[in-house]
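The next block holds one structure in the form of structure tokens; read it before the comments.
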Amino acid sequence: MPTEATIASVIVSKYADHLPLYRQSQIYARQGVDIDRSTLAFWVGKAAHELRPVHDALLVHLKRSTKLFMDETPAPVLDPGRGKTKKGYFWALARDDRSWNGPKPPGVAFTYTPGRSGQHAVDILQGFEGVLQVDGYAGYNRVLDLRDNAPIQLAYCWAHARRKLYELTHHNVAPIAEEGLKQIAALYRIEAQVRGTSPEERLVTRQQKSAPKVATFKIWLDHARIQVSAKSPTGLALKYIAKYWDGLILFLTDGRIEMDSNAVERTIRPIALQRKNALFAGHDAGAQNWAMLASLIETCKLNKIEPHSYLTGVLTAIVDGHKQKDIEQLLPWNYAA
């Protein structure tokens, strides 16, 4: 019979330190404790079942915000009977208002889906209304359909726009792309000056300093597109920026909006590490558990909360009969407080 602390240790080792269960089983064996990988997997699955209401409460809490980030990343899952893996996806819905001293704590909730259709984003965002900052994946356009969702405004990511230009300069001489990179770098220097100030202060600075540079960039962009073939690598990179222009310049009108979606991309990096070490999830239910437990651990890390202590305490509270109506008390920032 494992203690809550033991189960928490297995979960943190797997999803925070990226130690697959078979390696944890080997570590226990070296210490003279014979625990099969299947037993560890049962513990993780049982804990995930008990912690699911906490994850659901986290997702609901995030969707009460008026400004969120969203991104998606592949999640390879074993396809039973075929001996191969299929490609599912983790969708990350994140809040991080620290750059403008927002009052709400940062957090991220991952959701596993069997595909990448924009309809999955629509389903996850049910109940959310506000600004959603994303990359250029066309599937996010589905959330703009008011028949399926509350009003959402899409803000796009300058880091992705910059990346299109950077790829042109990485191994080649590309004077047009280099000029675009210089102008984007100037915008980021202004952002560095206002990071940590209030939305009102950020907006004033952006209107005074960034808006003229963005206007100059737009003139340069239109002129540069005329100079190159639309189907050339440079033409395609410039077309990408022009396509998402309205969403790229939203940061000039709202001090809460970032220039990029890097905040949510940082939360996805541990998923990539776990994917590298564990290779794939054993089944769809395992991928759902992975998404849910990673949500709690990454939210702990965003709030500088030690995840082992948190999970031990929350599992103990659940075993002791914590009431469902008080589930928000078990969210990382509330439990720590």
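Counting from 1 along the sequence shown, just add 10 to a position and that's the residue number in this note's numbering. Each residue gets a CB set at the ideal place from its N, CA and C atoms; glycine is no exception.
1. Considering only residues of the same chain and omitting the five flanking positions on each side of Val238, which have a CB-CB separation below 6 Å?
2. Does DSSP put Pro124 in a helix, in a strand, or in coil?
3. For the pair the segment 149-163 and the segment 115-132, tell me if three or more CB-CB distances fall below 8 Å.
4. So, helix, strand or coil for Asp133, using DSSP?
5. Using the three-state DSSP reduction, which class does Leu142 fall into: helix, strand or coil?
6. Please determine, among Asp27, Glu60, Ala26 and Thr49, the residue with the shortest C-alpha to C-alpha distance to Lys333.
7. Give me the Cβ distance between Val118 and Glu308, rounded to the nearest whole Å; I'm assuming they're in contact under 8 Å.
8. Cβ of Arg337 within 8 Å of Cβ of Ala165?
9. What does the alpha-carbon distance come out to for the pair Lys73 and Ala234?
10. Under 8 Å by Cβ, that's how I've got Trp110 and Ser208 pegged, so tell me the actual separation to the nearest angstrom.
11. Using the rule of at least 16 other Cβ atoms within 10 Å of the residue's Cβ for burial, across every protein chain shown, is Val82 buried or exposed?
12. At what residue ranges does the segment 161-249 contain a whole run of the beta strand (DSSP E), taking only runs of 3 or more?
13. Three-state secondary structure (DSSP) at Thr16?
Walking through what the data contain:
1. Thr244 and Gly245
2. coil
3. yes
4. helix
5. strand
6. Glu60
7. 5 Å
8. Note that residue 337 is Ile in the sequence shown here, rather than Arg. Against a cut-off of 8 Å, the Cβ pair of Ala165 and Ile337 comes out as no contact.
9. 40 Å
10. 6 Å
11. Contrary to the premise, residue 82 reads as Glu rather than Val in this sequence. Buried, because 16 or more other Cβ atoms sit within 10 Å of the Cβ of Glu82.
12. 162-165
13. helix
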